[in-house]
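Protein chains in written order, with our numbering: chain A, 2 to 238; chain B, -15 to 223. Notes to accompany the following structure.
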């Protein structure tokens, strides 16, 4: 009898996705959301200030950093996975951490994938604002940090797009998490790697069900992020 | 009157272009100083220096006895504010825009915001989106946003350009009241020599980045010493 991704038995002849199957997805869904959620938070904490700094600062080397970020946005995730794998492998410079084939390694890989997107798109969003706004904020007595946060708030549509793009890229990513996580059942198996496994095993219903759940979750989370960026309605003029 | 600003040998250069070159200029505490001059005379650059937003390329700017080195402490920066010719408002309501400066200082005060809105006649529009207002209403919002933080120095860069007479009158009255009742020092940059005459205690003429003449308002308009001042007032200097 074949087993689904969590190891629970599933009747081989069953072509319906029943409640028990959905239940068996829960640990995978939880891990997927945890890994991608934590990676998105870390990428945002680092990427928003970095993007804002790139938009505002006039320092030597800025163009080089921009070029690196744009390159990072187009980096194949599997190459990121390979780099993180080499870094975290036992003989690698960070091997002493013992993170390889753990969710931490997957978070690291996803941060590396998401960070250039968050930073690059945040930079673009802030650069698209009226340049006179920065001068006005300083003239009103804003500190550099207050200026940065106000500009991020003003550029919220672009910042939200950055979050959605980054989240979409990491939650749907398979190569990097497969390499550094190892797709270990009950430990590092996430939805995308589970879909790959189930497909390879011919469990198309399970793979499709997981895909549908992944799509639904992505839709709900993107919708929530979009709502986060909307300002409340105010009285019309 | 005591000296609030002293500018000595101030030169401001962008690339190869010198936009301001002042031998000496003083701004007195509590006065309304009008700065007139054609476009490109360096008036807005002078305001940025007075707001301590940028350091001069050469020379010294002294504010309240302290020589400024281009990176003023936040507390000093917050004693001065500017209302620019084109109001740059945040994508928020009118009331939120007006409250913004107080929020930066950690001194949110709905009563003061309401009073500032009332002063510029914007109470009915307090909850309207600021960027959907008319030009005059936006400029009044920008003025209220500056008033509410009670700056020691209010710098006005063509605050009534392209506005209708009603808005011009309201803004001029507000500025005059602020100066009279709170003793706020006002530096008013304007193309409109009549406005300078109505509001200013002293008036200065800038031409091509240089100070041509600075005199009490009446003397400036009635007995200018420099022939270029007379030519400017007669409209003979085209801009």
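Every residue, glycine too, gets a C-beta built ideally from N, C-alpha and C. These numbers were taken from a predicted model, which means no experiment stands behind them.
Original post:
Under a CB-based cut-off of 8 Å, is residue 125(A) close to chain B?
Top reply: As a first step, residue 125(A) is located in the first chain; it is residue number 124 there, counting from the start. Taking Cβ atoms only, chain B never reaches closer than 8 Å to residue 125(A), which makes this a no.
Original post:
What does residue 136(A) reach in chain B if we use C-beta pairs closer than 7 Å?
Top reply: Translated into the one-based positions of the first chain, residue 136(A) becomes position 135. What residue 136(A) touches in chain B: 37.
Subject >> Enclosing alpha helix (DSSP H) for residue 11(B) [first to last residue] >> reply: Stepping through the second chain from its first residue, residue 11(B) is reached at position 27. Not the alpha helix (DSSP H): residue 11(B) falls in the beta strand (DSSP E), residues 1 to 12.
**OP:** Using 10 angstroms around the beta-carbon of residue 61(A), count the other beta-carbons present and answer buried if the total reaches 16, otherwise exposed.
**Re:** In the first chain, residue 61(A) corresponds to position 60, counting from 1. Flag for residue 61(A) reads exposed.
Original post:
Expressed to the nearest angstrom, what Euclidean distance is found between the alpha-carbon atoms of residue 95(B) and residue 105(B)?
Top reply: Indexing the second chain from 1 puts residue 95(B) at position 111. Indexing the second chain from 1 puts residue 105(B) at position 121. Using only the alpha carbons, I get a separation of about 15 Å.
Original post:
Excluding the five sequence neighbours on either side, which residues of its own chain have a C-beta within less than 7 Å of the C-beta of residue 94(A), listed in chain order?
Top reply: If you number the first chain from 1, residue 94(A) lands on position 93. Here the set comprises 88.
**OP:** Starting from residue 65(B), find everything on chain A with Cβ-Cβ shorter than 8 Å and list it in chain order.
**Re:** Walking along the second chain from the start, residue 65(B) turns up at place 81. Here the neighbours are 140, 141 and 142.
Original post:
For a contact meaning CB atoms closer than 8 Å, what does residue 147(A) contact in chain E?
Top reply: Absent from the structure is chain E; the protein chains it does hold are A and B.
Original post:
Using a Cβ-Cβ cut-off of 7 Å (strictly less than) and excluding sequence neighbours within five positions of residue 44(A), which residues of its own chain qualify?
Top reply: On the first chain, position 43 is the one that residue 44(A) refers to. Correct list, in chain order: 112, 115, 116, 119 and 167.
Original post:
Is the segment 63 to 71 of chain A touching the segment 223 to 231 of chain A, taking contact as three or more C-beta pairs under 8 Å?
Top reply: no
**OP:** Determine whether the Cβ of residue 133(A) lies closer than 8 Å to any Cβ atom of chain B.
**Re:** As a first step, residue 133(A) is located in the first chain; it is residue number 132 there, counting from the start. By this cut-off, residue 133(A) is an interface position.
Original post:
Who are the Cβ neighbours of residue 174(B) in its own chain at under 7 Å, not counting the five residues just before and after it?
Top reply: Within the second chain, numbered from 1, the residue matching residue 174(B) stands at position 190. Taken in chain order, the residues that qualify are 18, 20, 142 and 180.
Original post:
Is there contact here, the segment 57 to 76 of chain B with the segment 137 to 147 of chain A, by at least three beta-carbon pairs under 8 Å?
Top reply: yes
**OP:** Could you pull out every residue in the same chain whose Cβ sits closer than 7 Å to the Cβ of residue 115(B), ignoring the five residues on either side in sequence?
**Re:** Position 131 of the second chain, counted from the start, is the residue given in the question as residue 115(B). Correct list, in chain order: 73 and 75.
Original post:
Does the distance from the C-beta atom of residue 97(B) to that of residue 79(B) stay below 8 Å?
Top reply: Start at 1 with the first residue of the second chain, and residue 97(B) comes out as number 113. Start at 1 with the first residue of the second chain, and residue 79(B) comes out as number 95. Result yes, Cβ atoms of residue 97(B) and residue 79(B) sit closer than 8 Å.
**OP:** Answer yes or no: does any C-beta atom of chain A fall closer than 8 Å to that of residue 19(B)?
**Re:** Within the second chain, the letter at position 35 stands for residue 19(B). Judged by the 8 Å Cβ criterion, residue 19(B) is not in contact with chain A.
Original post:
In chain A, what lies closer than 9 Å to residue 68(B) by C-beta?
Top reply: Start at 1 with the first residue of the second chain, and residue 68(B) comes out as number 84. Chain A residues near residue 68(B): 133, 136, 137 and 140.
Subject >> Residues near residue 198(B) in its chain [Cβ-Cβ closer than 6 Å; skip 5 each side] >> reply: Here residue 198(B) refers to the residue found at position 214 when the second chain is read from its first residue. If we look at residue 198(B) and ignore the five residues flanking it on each side, its Cβ neighbours are 188.
Subject >> Residue span of the alpha helix (DSSP H) that contains residue 87(A), given as start and end >> reply: Here residue 87(A) refers to the residue found at position 86 of the first chain. 78 to 89 is the extent of the alpha helix (DSSP H) around residue 87(A).
Subject >> Completely contained alpha helix (DSSP H) runs for the segment 143 to 185 of chain B, where each covers 4 or more residues >> reply: 149 to 166 and 177 to 183
**OP:** Work out the CA separation of residue 129(B) and residue -10(B) for me, nearest whole Å.
**Re:** Here residue -10(B) corresponds to residue number 6 of the second chain, with the count starting at 1. Here residue 129(B) corresponds to residue number 145 of the second chain, with the count starting at 1. Approximately 27 Å, taken between the alpha carbons.
**OP:** Find the nearest neighbour of residue 85(B) within the set 132(B), 157(B), 49(B) and 26(B), judged by alpha-carbon distance.
**Re:** In the second chain, residue 85(B) corresponds to position 101, counting from 1. For residue 85(B), the nearest C-alpha among the options comes from 132(B).
Original post:
Can you find a CB in chain A that lies within less than 8 Å of the CB of residue 61(B)?
Top reply: Position 77 of the second chain, counted from the first residue, corresponds to residue 61(B). By this cut-off, residue 61(B) is an interface position.
Original post:
Using DSSP with H/G/I as helix, E/B as strand and the rest coil, what is residue 100(B)?
Top reply: Position 116 of the second chain holds residue 100(B). Helix, per DSSP.
Original post:
Taking residue 148(B) as the reference, which of 219(B), 136(B), 161(B) and 121(B) has the closest Cα?
Top reply: If you number the second chain from 1, residue 148(B) lands on position 164. When only C-alpha atoms are compared, the closest one is 121(B).
Subject >> Endpoints, the alpha helix (DSSP H) within which residue 76(B) is located >> reply: As a working note, residue 76(B) is residue 92 in the second chain. Note, residue 76(B): premise wrong, no alpha helix (DSSP H); not H, not E.
Subject >> Any chain B beta carbon closer than 8 Å to residue 155(A) >> reply: Residue 155(A) sits at position 154 when you count from the first residue of the first chain. Chain B, which has a Cβ nearer than 8 Å to the Cβ of residue 155(A), makes this yes.
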